[in-house]
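Q: Below is the structure I would like to discuss, written out as structure tokens.
Numbering (the numbering used here), first residue to last: 660 to 841.
Structure below.
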């Protein structure tokens, strides 16, 4: 008895044709997958605010053929959308009679959004012809680093400065901005 399998040229051709067809289908489907292929990338941005560095990471979906994002990009600090403020009280006294000047104010910071935020209020003031922007939160009764959803916070400031450092005629409030830190 013979246990050999007879192979005809037709069997070889059928197997070859089937294998070729399978490779063609596999190749076409691979190309299709490459076009639909996506990868997740983390884009890291940084910004500086009030001598602090903050990082903002965003996750985005990219085609696989797209190059990876740059490692770190410096951006402008993000501002709170729709932010408004109301000056409730503002006074600058150049000479109190005690060899000091006095600057005090109450400014209501308003968050009209449906979400709470963490950030820093930055005041832009004009002092003796020079314009400067900075946070005065470290010397206020409430720094307003957090604003609740659809709420407000009052920034209250009251400081006296010695006239030995120089006489300032006026401090003018130009603008108030609220920059996000989260």
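Every residue, glycine too, gets a C-beta built ideally from N, C-alpha and C.
From 789, 701, 744 and 697, pick the residue whose C-alpha is nearest to that of residue 806; which is it?
A: Measuring from the Cα of residue 806, the nearest candidate turns out to be 744.
Q: Throw me the rounded Cβ distance for the residue 810 and residue 802 pair, which I believe falls under 8 Å.
A: Actually they are not in contact, since the Cβ atoms of residue 810 and residue 802 sit about 15 Å apart, beyond 8 Å.
Q: At which residues does the beta strand (DSSP E) containing residue 708 begin and terminate?
A: Start and end: 697–708.
Q: Who are the near neighbours of residue 717 in its chain, counting only those whose CB is closer than 6 Å to its CB and skipping five residues on each side?
A: Result list for residue 717: 702, in chain order.
Q: In whole angstroms, what is the alpha-carbon distance linking residue 738 and residue 838?
A: Cα to Cα, residue 738 sits roughly 4 Å from residue 838.
Q: My output table needs one value for residue 731: the three-state DSSP class, helix, strand or coil.
A: Note: residue 731 maps to coil in three-state DSSP.
Q: Please state whether DSSP places residue 796 in a helix, a strand or coil.
A: In the structure shown, residue 796 sits in a helix (DSSP, three-state: H, G or I).
Q: So what does DSSP say about residue 828, is it helix, strand or coil?
A: Of the three classes helix, strand and coil, the one that applies to residue 828 here is coil, per DSSP.
Q: Helix or strand or just coil, what does DSSP make of residue 754?
A: Coil.
Q: DSSP on residue 839, reduced to helix/strand/coil?
A: If DSSP states are grouped into helix, strand and coil, residue 839 belongs with the strands.
Q: Beta-carbon within less than 8 Å of residue 689's beta-carbon, same chain only, minus the 5 sequence neighbours each way: which residues are those?
A: Residue confidence is low: residue 689 scores 44 on pLDDT, short of 50, so the model does not pin down where it sits. No coordinate-derived value is stated.
Q: Just checking, does the region 818–828 make contact with the region 766–779 on the three C-beta pairs under 8 Å criterion?
A: Verdict: no, contact absent.
Q: Alpha carbon to alpha carbon, how far is residue 697 from residue 782? Give it in angstroms, no decimals.
A: So the two alpha carbons sit approximately 44 Å from each other.
Q: Which same chain residues, not among the five before or five after residue 731, have their C-beta less than 8 Å away from its C-beta?
A: Hits under 8 Å: 703, 704 and 705.
Q: Identify the continuous beta strand (DSSP E) that holds residue 760 and give its terminal residues.
A: Its beta strand (DSSP E) spans residues 759–770.
Q: From the DSSP secondary-structure annotation, give me the bridge partner or partners of residue 812.
A: Answer is 768, bridged to residue 812.
Q: Just verifying my parser: in three-state terms, what is the DSSP assignment at residue 721?
A: Note: residue 721 maps to strand in three-state DSSP.
Q: Since residue 804 and residue 778 are thought to touch, with beta carbons under 8 Å apart, how far apart are those beta carbons, to the nearest angstrom?
A: Indeed they touch by this definition, with Cβ atoms about 7 Å apart.
Q: Once the 5 residues before and after residue 834 are set aside, which same chain residues still bring their CB inside 6 Å of it?
A: Taken in chain order, the residues that qualify are 783.
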